[in-house]
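Taking it in order: structure first as structure tokens, then the write-up.
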Amino acid sequence: MKISTKGRYALRMIIDLALHQDDGFVSLKDIAERQEISKKYLEQIVPMLNKSGILRTNRGNKGGYALAKSPEQLSVGDILRATEGSLAPVSCLDDNPNTCPRQESCSTLYIWEGLFKTITDYLDNITISEIVEKISEQSGFDYCI
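When you read off a place in the sequence shown, starting at 1, and then add 303, the result is the number in the numbering used here.
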């Protein structure tokens, strides 16, 4: 399984918004500059994140984007599913329940189910707030409330 550029850039965008959530709504131009990502590329990602309930949009002079949920409520899995679709390693696990006609006789199904569970458990248990904390620790970022 490979995560596409779209998934990686969406994750970077969400982390950027979490880091700047105290700024209110943030423009795509600002995110694009900080993350060194094309604004046009971010414009392609935004609808997926909006549709998934991850972003809030505000139009107008003070317009931009903000997280629709707190960073503690968003996981890496949420972001990747919004942009990549299913995280299943094989197509037969895209449907729940599995509708593959070979599932009863498939000698490798348990391998793919185990991999899928591992991927899902791992990505769903990393929150955006944990990433922000790690960034703060690494950069020596120190602030007081």
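Quick reminder that beta carbons are idealized off the backbone N, C-alpha and C, glycines included.
{"query": "Beta-carbon within less than 8 Å of Ile448's beta-carbon, same chain only, minus the 5 sequence neighbours each way: which residues are those?", "result": "Because the pLDDT at Ile448 is just 40, under 50, the model does not fix this residue reliably, and the value given afterwards should be weighed accordingly. Counting only Cβ-Cβ distances below 8 Å, and skipping sequence neighbours, we find nothing."}
{"query": "Taking only beta-carbon positions, decide if Glu375 is within less than 9 Å of chain B.", "result": "The structure shown contains no chain B; it holds only a single protein chain."}
{"query": "What residues in its chain sit with their C-beta under 8 Å from that of Val329, if we drop five residues either side in the sequence?", "result": "Asp319, Leu320, His323, Gly367, Tyr368 and Ala369"}
{"query": "Going by beta-carbon coordinates alone, are Ile357 and Ala385 separated by less than 9 Å?", "result": "yes"}
{"query": "How many Å lie between Leu396 and Asn361 at the Cα?", "result": "37 Å"}
{"query": "How would you write the range of the beta strand (DSSP E) that Leu370 sits in, first residue to last?", "result": "Gly367 to Leu370"}
{"query": "Can you give me the Cβ contacts of Leu426 inside the same chain, cut-off strictly under 8 Å, excluding the 5 residues immediately before and after it?", "result": "Ser378, Val379, Gly380, Leu383 and Leu390"}
{"query": "Which of the three DSSP states is assigned to Ser330 in this structure?", "result": "coil"}
{"query": "Expressed to the nearest angstrom, what Euclidean distance is found between the alpha-carbon atoms of Tyr446 and Tyr312?", "result": "Here the model assigns Tyr446 a pLDDT of 49, short of 50, so the residue's position is not dependable, and the following value carries that caveat. Answer to the nearest angstrom: the Cα atoms are 27 Å apart."}
{"query": "How big is the Cα-Cα spacing for Arg405 and Asn399?", "result": "15 Å"}
{"query": "Terminal residues of the continuous beta strand (DSSP E) containing Thr402?", "result": "Here Thr402 belongs to no beta strand (DSSP E), and DSSP marks it neither H nor E."}
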